[in-house]
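Asker: Here the protein sequences come in this chain order: A and B.
Sequence positions in the first sequence follow numbering that gives the first Met the number 0 and run 0 to 259.
Sequence positions in the second sequence follow numbering that gives the first Met the number 0 and run 0 to 663.
The C-beta atom is built at its ideal place from N, Cα and C for all residues, glycine as well.
These figures come from a predicted structure and were not determined experimentally.
What follows is a structure written as structure tokens; I'll ask about it next.
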Amino acid sequence: MTASAPPMLQVEGISVAFGAVQALTQVSLDIHRGEIVAIIGPNGAGKTSLINVISGFYHPYEGRILFQGQDRTRLRPYEVAALGVARTFQNVALFKGMSVLDNIMTGRLLKMRGSFLLDAVWWGPARRQELANRAFVERIIDFLEIQAIRKTPAGRLPYGLQKRVELARALAAEPTLLLLDEPMAGMNVEEKEDMCRFVLDVHDEFGTTIALIEHDMSVVMDISDRVVALDYGRKIAEGPPELVRKDQAVIDAYLGVPHE
Amino acid sequence: MASTTRGPATGNGHAALDPALDTFPKLVADNARRLGDRVAVREKDLGIWLAYTWRQYLEESRLIALGLRSLGFRRGDKVAIVGDNRPQLYWAMMASQALGGVPVPLYQDSIEREMQYVLDHAEARFAVVEDQEQVDKLLHVRAECPRLEHVIYKDPRGLRHYREDCLLSLEALEERGRAEAQAHPGAFEAEVAAGRGDDVAIICYTSGTTGQPKGTMLSHRNLIVTARNAIAHEGLTDREEVLAYLPMAWAGDHMFSYGQSIVAGFTTNCPESGATVLHDLREIGPTYFFAPPRIWENILTAVMIRVDDAGWLKRRMVHALLDVARRVERARLGRQPVALGDRILYGLGQLLVYGPMRDNLGMGRIRIAYTAGEAISPELLGFYRALGVNVKQVYGMTESSALVSIQRDGDVKLDTVGTPLPGVEVRISEGGEVLYRSPGVFLGYYKNPEATRETLDDGWVRSGDAGVLDRDGHLKIVDRAKDVGRLADGTLFAPKYLENKLKFSPFIKEAVCIGDGRPYVGALVNIDLGSVGGWAERRNLAYTSYTDLAQKPEVYELIGREVARVNRSLAEDEALGGARIRRFLLLHKELDPDDQEITRTRKVRRGFIAQRYAALIDALYSDRREVAVEAQVTYEDGRVATVRAQVRVADAPAATAEAVEAAR
């Protein structure tokens, strides 16, 4: 990461509203290649909305989003995914009846070139492709240490493991930008430490750029290079974690101050 | 009653070794010649079983050895080996031995302080470890272990940004090995040829239930002769399949997965991870299998949870047919005829229950299975035998190269550990302690002549176990000699005997019985979170944590019934039946090796528990119904926290037969 390189993701003055509710107001944000950026803020601050805008679930009524220099403000979620942006969800969104392995394999869908006929007879390129994808998925299973639950239906897993499987599925898409919506919510201390380790390892091993929403300040301090704080849909602070933590606006947002 | 018993003679002398094949590296080179393309070791990696032949086994070990040589390895150097069972780590052991060095396997879940002690005491210059987790621990203690020069790791994940000079990947080491082979052709072969059968082959640190661990030195001769005698005795061939999943630091794994595998030439299989063992067991279907009692217990518990989750009809069928199997097995062991009705039902059971269950557990191909490391309850052993799995008790310890006696096929008694192996003599001292002498008896404790003198006397080893020889020459282990005591009224009391009976219950994970010098027996019990949790769920009993669940009155009732069952079964034992459990309590936390309450091989450290839980033990001998406790919890990174709880104390219910039946 050098200061002169163009940011991987540029969010420029976007605003999102749902009817009369202003979810985001002129939020700007850059994410550079190789960074881990944490997005913090009280409940309802607009963190998930921001992630949803980046991943194409919502479209802003003003402002624009550049990914690797290209304007992609109005792309659909699957188009964004095809560009190399993968995400996890705040409320785990796995196929509950499918095995962990199959869930992760769905993360490879965008990498597969299907031919209905060849797939049906499991022959030639279809077979080679499936094997290559499976081999890739096995690397991720090994990486996230979930070998023991490979064949377990996702819905039967405890919450902490479901989160890990979701991360695995996101990684299967070989993302250049990974968006994690509260990857550690609802976990105990040990599970959080494991998850932190995995996030750092992913960053290390695959060089993935990561933006994550997180509430636990000790986690944020530990793993992020930069922190963006939101409150009432506006960006109130941005910078290295130790500075943002001391920022008066951030402290006020979390502790609450009277509004005029 | 016989006072000495001997294993059968082996003909050509028990300890004779061919000098051309008197070390493990020489044997592996021989295997590579004889069995070349046969599979020596398998490892499941990325979901696929990878096989390595004996030729590859030798070649990989050679590269590692030459790599170590290029780093200045000298004969006699110690190499710490830390990690899960991996072919590469077995090769590292082989490589160290090939250079005349000594591998020192460490328990992979040891905390830093324990590792530091062993590394420092063993004066290890090299360490070969599995991954980042172990590297981190070693780097933390490195300042206190000045002799440690090189840390070699197998899995580079997460280590990319480590800049310490002492670190080297296994791949890079093998690369150095290749260069070394070019520069010094024949060096490996010369080093191997220089090895002697009486060289130290391994130092196993035994955790012990008291004090600092001791480094047990075993020679190639100790291990090879013991392995060879047991192989001949048990009729093992080069076609066996074993699963290597128990800690490499445990002498048992070393004997089965390394010693016997190399001597007999059979295949060792390394599971994918600790969590996948039961699954991998099923994929491999071993023919030869060993497990300590706790694993047999865990498997039984897992099976019973699933049986109890099944429908009414299946559940009744399984329980009824298992009862038949137990009856039939009891008759067989007692060499009594089996009633015709039972024979028919047993056949039906094979078809409907035993066969499918064995198959489901991955035990369908087992010819010989051992339970070792701890006493097993006769009920538990009987269950597996009834199911048709040939589980036998083995007795031994690190100091005897893991093996002293084995129950022979066709001569199995549920409550003994069998008869001595060939070349082994067993004697009971006047104080009731088991003594043995064999070609497998260790060379001594490393740098600890005092402890060696205390244990080794004229070739006889003091086992520290209290035992008796029955009239058929079977050895029966009662308990640790120092743990056997008497109640205040003089009744004989063997805590482990009671604890094993308690642990037979799927609801009880661990138990500690107290009674020496006391008016009656009291028990501290750890519930099994999985099975009691499942039981609670089926009854819509909500709980928040282990502590909360353990303190539910309903759970006390449940465990009370198990205690009553134990008390009832005690009535059948003449010698030890007097000591029944009068009061018990359910501990608010699980006993944990990190808290030093049990050893890494899960042996209870009584002295420590008596001290830490003094308040609870006092409550067992008062009429209080409740007691407040705090306990320290040590996390794996060494941090310490305190847990506070209220613990209830209960009387054991009167053991009426009806109550026990109702509970079932």
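So if DSSP puts Arg65 (chain A) in a beta bridge, which residue, or which two residues, is it bridged to?
Answerer: Reading the first sequence from its first residue, position 66 is the one you call residue 65 (chain A). As written in the sequence, residue 65 (chain A) is Leu, which differs from the Arg given in the question. A:Gln9 and A:Asp70, per the DSSP bridge assignment.
Asker: Rounded to the nearest angstrom, how far is the Cβ of Tyr435 (chain B) from that of Glu424 (chain B), given a contact under 8 angstroms?
Answerer: Locating residue 435 (chain B) in the second sequence gives position 436, counting from the first residue. Locating residue 424 (chain B) in the second sequence gives position 425, counting from the first residue. Correct: roughly 6 angstroms between the Cβ atoms.
Asker: Tell me whether Asp456 (chain B) is buried or exposed, calling it buried when 16 or more other Cβ atoms sit within 10 Å of its Cβ.
Answerer: On the second sequence, position 457 is the one that residue 456 (chain B) refers to. Asp456 (chain B) is exposed by the Cβ-count criterion.
Asker: Mapping DSSP to helix, strand and coil, what is Arg663 (chain B)?
Answerer: The residue given as residue 663 (chain B) occupies position 664 in the second sequence. Low confidence applies to Arg663 (chain B): its pLDDT is 43, below 50, so where it sits in the model is not reliable enough to give any reading.
Asker: Is Gln392 (chain B) closer than 9 angstroms to Leu380 (chain B) when the C-beta atoms are compared?
Answerer: Looking up residue 380 (chain B) in the second sequence gives position 381. Looking up residue 392 (chain B) in the second sequence gives position 393. Contact flag set, yes.
Asker: Tell me, please, whether the stretch 217-230 of chain B touches the stretch 185-197 of chain B by the rule of three or more beta-carbon pairs shorter than 8 angstroms.
Answerer: Judged by Cβ distances under 8 angstroms, the stretch 217-230 of chain B makes contact with the stretch 185-197 of chain B, as three or more pairs qualify.
Asker: Just tell me which of A:Gly185, A:Pro174, A:Gly154 and A:Leu23 has its CA closest to the CA of His202 (chain A).
Answerer: If you number the first sequence from 1, residue 202 (chain A) lands on position 203. His202 (chain A) has its Cα closest to that of A:Pro174, out of A:Gly185, A:Pro174, A:Gly154 and A:Leu23.
Asker: Between the Cα of Ala535 (chain B) and those of B:Met362, B:Val554 and B:Glu589, spot the shortest distance and give me the residue it belongs to.
Answerer: Here residue 535 (chain B) refers to the residue found at position 536 when the second sequence is read from its first residue. Residue B:Val554 is the option with its Cα nearest to Ala535 (chain B).
Asker: In whole angstroms, what separates the C-alpha of Gln247 (chain A) from that of Ile212 (chain A)?
Answerer: Stepping through the first sequence from its first residue, residue 247 (chain A) is reached at position 248. Stepping through the first sequence from its first residue, residue 212 (chain A) is reached at position 213. Each residue's Cα considered, the two are about 20 angstroms apart.
Asker: When you compare each of B:Pro292, B:Leu147, B:Arg54 and B:Pro184 to Lys508 (chain B) by their alpha carbons, which one comes out closest?
Answerer: In the second sequence, counting from the first residue as 1, residue 508 (chain B) sits at position 509. For the residues B:Pro292, B:Leu147, B:Arg54 and B:Pro184, the minimum Cα distance to Lys508 (chain B) belongs to B:Pro292.
Asker: Around the Cβ of Ile580 (chain B), are there at least 16 other Cβ atoms within 10 angstroms (buried) or fewer (exposed)?
Answerer: In the second sequence, the residue the question calls residue 580 (chain B) occupies position 581. Buried, by the Cβ-count rule.
Asker: Could you list which residues in chain B have their beta carbon closer than 7 angstroms to that of Arg138 (chain A), in chain order?
Answerer: Here the question's residue 138 (chain A) lines up with position 139 in the first sequence. By Cβ distance, chain B contributes Leu45.
Asker: Specify the secondary structure class of Thr205 (chain B) as computed by DSSP and reduced to three states.
Answerer: One-based indexing of the second sequence puts residue 205 (chain B) at position 206. Reduced to three states, the DSSP call for Thr205 (chain B) is strand.
Asker: Does any C-beta atom of chain B lie closer than 9 angstroms to the C-beta of Arg196 (chain A)?
Answerer: Indexing the first sequence from 1 puts residue 196 (chain A) at position 197. At least one chain B Cβ lies under 9 angstroms of Arg196 (chain A).
Asker: Within this structure, are the beta carbons of Tyr394 (chain B) and Ala368 (chain B) separated by less than 9 angstroms?
Answerer: By one-based count along the second sequence, residue 394 (chain B) stands at place 395. By one-based count along the second sequence, residue 368 (chain B) stands at place 369. Not in contact: Tyr394 (chain B) and Ala368 (chain B) (Cβ atoms no closer than 9 angstroms).
Asker: Whether or not the stretch 523-539 of chain B and the stretch 580-593 of chain B are in contact is what I'm after, with contact meaning three or more pairs of Cβ atoms, one per stretch, closer than 8 angstroms; do they touch?
Answerer: Result yes; three or more Cβ-Cβ pairs closer than 8 angstroms.
Asker: Have a look at the DSSP bridge pairing and note the partners of Cys195 (chain A).
Answerer: Along the first sequence, one-based indexing puts residue 195 (chain A) at 196. Cys195 (chain A) is not bridged to any residue.
Asker: Which bits of chain A does Thr275 (chain B) rub up against, with CB to CB less than 7 angstroms?
Answerer: As a working note, residue 275 (chain B) is residue 276 in the second sequence. The answer, in chain order, is Gln146 and Ala147.
Asker: Check the DSSP bridge columns for Asp154 (chain B) and list the partner residues they point to.
Answerer: Reading the second sequence from its first residue, position 155 is the one you call residue 154 (chain B). None, per the DSSP bridge assignment.
Asker: From which residue to which residue does the alpha helix (DSSP H) around Gly255 (chain A) run?
Answerer: Reading the first sequence from its first residue, position 256 is the one you call residue 255 (chain A). Looking at the DSSP string, Gly255 (chain A) is not in any alpha helix (DSSP H), and its letter there is neither H nor E.
Asker: If you follow the alpha helix (DSSP H) that Thr105 (chain A) is part of, which residue opens it and which one closes it?
Answerer: Here residue 105 (chain A) corresponds to residue number 106 of the first sequence, with the count starting at 1. That run of the alpha helix (DSSP H) goes Val99 to Thr105.
Asker: Nearest to Thr52 (chain B) by CA position, among B:Thr598, B:Asp29, B:Asp410 and B:Val224, is which residue?
Answerer: The sequence position of residue 52 (chain B) within the second sequence is 53, counting from 1. Cα-wise, what sits closest to Thr52 (chain B) is B:Asp29.
Asker: Any chance you could list the beta strand (DSSP E) runs of at least 3 consecutive residues sitting entirely within the stretch 28-58 of chain A, in chain order?
Answerer: List check, beta strand (DSSP E) in window: 35-39.
Asker: Check whether the Cβ of Met0 (chain A) lies closer than 9 angstroms to any Cβ atom in chain B.
Answerer: As a working mapping, residue 0 (chain A) is identified with position 1 in the first sequence. Per-residue confidence for Met0 (chain A) stands at a pLDDT of 46, beneath the threshold of 50, marking its modelled position as unreliable; the derived number appears in the next sentence. For Met0 (chain A), the answer is no, since every Cβ of chain B falls outside 9 angstroms of its Cβ.
Asker: Expressed to the nearest angstrom, what Euclidean distance is found between the alpha-carbon atoms of Glu143 (chain B) and Ser376 (chain B)?
Answerer: Numbered from its first residue, the second sequence carries residue 143 (chain B) at position 144. Numbered from its first residue, the second sequence carries residue 376 (chain B) at position 377. C-alpha separation (whole angstroms): 43 angstroms.
Asker: Where does Ile375 (chain B) sit, in a helix, a strand or coil, going by DSSP?
Answerer: Counting from one through the second sequence, the residue named residue 375 (chain B) turns up at place 376. Of the three classes helix, strand and coil, the one that applies to Ile375 (chain B) here is coil, per DSSP.
Asker: Are the CB atoms of Glu629 (chain B) and Arg643 (chain B) within a distance shorter than 9 angstroms?
Answerer: Within the second sequence, residue 643 (chain B) is the residue found at index 644, counting from 1. Within the second sequence, residue 629 (chain B) is the residue found at index 630, counting from 1. Result yes, Cβ atoms of Arg643 (chain B) and Glu629 (chain B) sit closer than 9 angstroms.
Asker: Could you give the residue range of the alpha helix (DSSP H) that holds Pro104 (chain B)?
Answerer: Within the second sequence, residue 104 (chain B) is the residue found at index 105, counting from 1. That residue, Pro104 (chain B), is in no alpha helix (DSSP H); its beta strand (DSSP E) goes Val101 to Leu105.
Asker: Work out the CA separation of Glu170 (chain B) and Gln9 (chain A) for me, nearest whole Å.
Answerer: As a first step, residue 9 (chain A) must be located in the first sequence, where it is residue number 10. As a first step, residue 170 (chain B) must be located in the second sequence, where it is residue number 171. So the alpha carbons of these two residues sit roughly 41 angstroms apart.
Asker: Check whether chain B comes within 9 angstroms of Glu173 (chain A), counting only Cβ atoms and requiring the distance to be less than that.
Answerer: Here residue 173 (chain A) refers to the residue found at position 174 of the first sequence. No, its Cβ sits nowhere closer than 9 angstroms to a Cβ of chain B.
Asker: Alpha carbon to alpha carbon, how far is Lys412 (chain B) from Arg325 (chain B)?
Answerer: As a first step, residue 412 (chain B) is located in the second sequence; it is residue number 413 there, counting from the start. As a first step, residue 325 (chain B) is located in the second sequence; it is residue number 326 there, counting from the start. About 14 angstroms.
Asker: Can you tell me where the alpha helix (DSSP H) with Glu282 (chain B) in it begins and where it stops?
Answerer: Walking along the second sequence from the start, residue 282 (chain B) turns up at place 283. From DSSP, the alpha helix (DSSP H) with Glu282 (chain B) extends over Val276 to Ile283.
Asker: Closest Cβ-Cβ distance between Arg643 (chain B) and chain A: below 9 angstroms?
Answerer: On the second sequence, position 644 is the one that residue 643 (chain B) refers to. No - not a single Cβ of chain A is within 9 angstroms of the one on Arg643 (chain B).
Asker: At 8 angstroms on the CB atoms, spell out the chain A contacts of Arg156 (chain B), in chain order.
Answerer: In the second sequence, the residue the question calls residue 156 (chain B) occupies position 157. Within chain A, the residues near Arg156 (chain B) are Phe142, Asp200 and Glu204.
Asker: From Pro505 (chain B) to Tyr634 (chain B), what distance separates their C-alpha atoms?
Answerer: The residue given as residue 505 (chain B) occupies position 506 in the second sequence. The residue given as residue 634 (chain B) occupies position 635 in the second sequence. Approximately 27 angstroms, taken between the alpha carbons.
Asker: Would you list, in chain order, the members of the stretch 154-179 of chain B that have their beta-carbon closer than 8 angstroms to a beta-carbon of chain A?
Answerer: Within the stretch 154-179 of chain B, the qualifying residues are Arg156, Gly157, Arg159 and His160.
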